[in-house]
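Shown next, in structure tokens, is the structure this report addresses.
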Amino acid sequence: MKPHSTIGHVPLGKADYGDVLTLQRALHARRYAGKLGDLLLSVEHNPVFTLGRSGSRDHILVPTDVLEGQGISIYEIERGGDITYHGPGQLVVYPILDLREYGKNIHRFVWWLEEAMIRALSDWAISSARKEGFPGVWVGERKIASVGVYVKNWVTYHGLALNVSVNQEHFRMIRPCGLSVDTVSINDVCDSKVDVATAGMKVILHLGSLLERDIVPIDPKEVT
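Note that our numbering gives residue 228 to position 208 of the sequence shown, counting from 1, and the numbers run on in steps of one.
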């Protein structure tokens, strides 16, 4: 298989989680069928908790009526991992990549996602690192980013989430990834204020560099 030289970046702006989940699944099928090239979707979601394959509703710490009152939905999905939160002030990137073009190495793919965020954070002089056995990125003992992927027929979807300026109270409603951990956002530890779109471009460009592909912008209308 001849590798593509570019990856398309589709900025979705603010979008409903369920709508984007449906889009990911459709794009996954098209990518596997060879009907489109590799894509990176960037998005900022409405408040939502997602439960991965090893997730437990026991890790939701508040009653359902409290979630409903704050407009927080729950989705059980096919990615790896436990429970996490997506919401305003958080960058989410969903790579739709054919790993047959990248050596069929899922562990390296996860490493690339983490590394793109670590390098982006470094651009703002934020020191971050991995924690062995726990996918994601940490600033000291506080978690700033999560990674949860799904690979079917060597094509990926789901992806990464980086906290830019999230509502920390929403994180306190769960045990993120089943852990009793504190979370942190870029704007909690950065001297200058960062927005989700700016964070998205940095992460996307670093990911393109790691994947050795040029990033090409794509109008969302072309894939939705």
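Note that the Cβ used here is the ideal one computed from N, Cα and C, for glycine as well. In this text the structure is predicted, and so the values were computed from the model without any measurement.
- Put simply, of Val214, Arg233, Val186 and Tyr177 the residue whose alpha carbon is nearest the alpha carbon of Arg45 is Tyr177.
- Only exposed fits Ser25, as fewer than 16 other CB atoms lie within 10 angstroms of its CB.
- Within the DSSP secondary-structure output, Lys151 pairs in a beta bridge with Phe154.
- In the DSSP assignment, Ile235 falls within the unbroken beta strand (DSSP E) covering Asp234 to Pro237.
- Ala49 counts as exposed, since fewer than 16 other beta carbons sit within 10 angstroms of its beta carbon.
- In the DSSP assignment, Lys222 falls within the alpha helix (DSSP H) that extends over Val216 to Leu231.
- Per DSSP, Asn187 lies in no beta strand (DSSP E) segment and is marked neither H nor E.
- Remark: C-beta atoms of Leu60 and Leu227 approach each other more closely than 8 Å.
- Within the model, the alpha-carbon separation for Val130 versus Asp85 is close to 35 Å.
- The three-state secondary structure of Pro115, taken from DSSP, is strand.
- Straight through space, the alpha carbons of Gly179 and Leu133 are spaced by roughly 8 Å.
- Bounds of the alpha helix (DSSP H) holding Ile126 are Ile126 to Asp143.
- Three or more Cβ pairs closer than 8 Å define a contact, and the stretch 157 to 175 meets that threshold against the stretch 92 to 103.
- Residue pairing from DSSP places Val171 in a beta bridge opposite Thr176.
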